[in-house]
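Its first residue numbered 276, the sequence shown is counted upward by one per residue in this note's numbering.
Single-structure report; data block below.
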Amino acid sequence: MYYMEKIIKGKYEAVLKASITALKGEGFGVLTEIDVPKTLKKKLNVDFRPYTILGACNPPLAHEALKAESQIGILLPCNVVVQEDPKGRGISVSAVNPVEAMSSVKNEDLACVAGEVTERLKRVLAALPDRI
Numbered sequence: 276m277y278y279m280e281k282i283i284k285g286k287y288e289a290v291l292k293a294s295i296t297a298l299k300g301e302g303f304g305v306l307t308e309i310d311v312p313k314t315l316k317k318k319l320n321v322d323f324r325p326y327t328i329l330g331a332c333n334p335p336l337a338h339e340a341l342k343a344e345s346q347i348g349i350l351l352p353c354n355v356v357v358q359e360d361p362k363g364r365g366i367s368v369s370a371v372n373p374v375e376a377m378s379s380v381k382n383e384d385l386a387c388v389a390g391e392v393t394e395r396l397k398r399v400l401a402a403l404p405d406r407i
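Structure (structure tokens):
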């Protein structure tokens with residue numbers, strides 16, 4: 276599976292804020308925050324459900340990944356998506372699974388870093404409450 280997900284019952288803005296806080300708790304900073312409906316409205320004049328892409332980075336682990344594989348920046352930062360679930364289950368918080376995303380790169384040093392990032396992202400999702 277290329278992503279990991281948790282469904283939360285609550286208000287979108289509260290879940291977004293909690294997600295950013297949980298990322299910080301695992302050493303990630305948010306480098307980018309893309310408001311997808313705002314962008315789609317501006318560029319295409321279409322409406323879209325609440326959907327934010329967070330570009331998260333853990334600098335020490337990013338540094339290790341870049342030392343292990345010079346072109347790995349193509350797959351950085353780690354994206355976390357907070358969206359109103361299209362199936363109506365609540366607010367979906369999903370994170371890339373770095374082990375899967377980087378599996379095509381046959382580099383054992385990189386695989387170790389990807390494993391560590393995956394575990395941290397799993398803890399981010401686990402730290403989020405089921406209801407906000």
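Even for Gly, the Cβ is constructed at its ideal location relative to N, Cα and C.
As the structure is a prediction and not an experimental result, all values here were calculated from the model.
Asked                                                                                                                        : Found
Burial state of Ile309 (16 or more Cβ within 10 Å)                                                                           : exposed
Burial state of Asn320, where buried means 16 or more other Cβ atoms lie within 10 Å                                         : exposed
Other residues of its chain near Asn372: CB distance less than 8 Å, five sequence neighbours each side excluded              : Met276, Tyr277, Tyr278, Met279, Thr393 and Leu396
Nearest candidate by alpha-carbon position, reference Ile349, set Val305, Ser379 and Lys281                                  : Ser379
Cut-off 8 Å between Cβ atoms - residues of its own chain near Asn354, not counting five sequence neighbours on either side   : Ile328, Leu329, Gly330, Ala331, Ala370 and Val371
Burial state of Gln346, where buried means 16 or more other Cβ atoms lie within 10 Å                                         : exposed
Contacting residues, own chain, Cβ-Cβ under 6 Å from Leu315 (five flanking each side not counted)                            : Val321 and Phe323
Beta-carbon gap between Ala297 and Ile407 smaller than 7 Å                                                                   : no
Separation of Lys284 from Arg364, as counted between CA atoms                                                                : 8 Å
Chain-order list of residues whose beta-carbon lies under 7 Å from that of Lys286 (same chain, five-residue window excluded) : Ile407
Beta strand (DSSP E) segment containing Val368, residue limits                                                               : Ile366 to Val371
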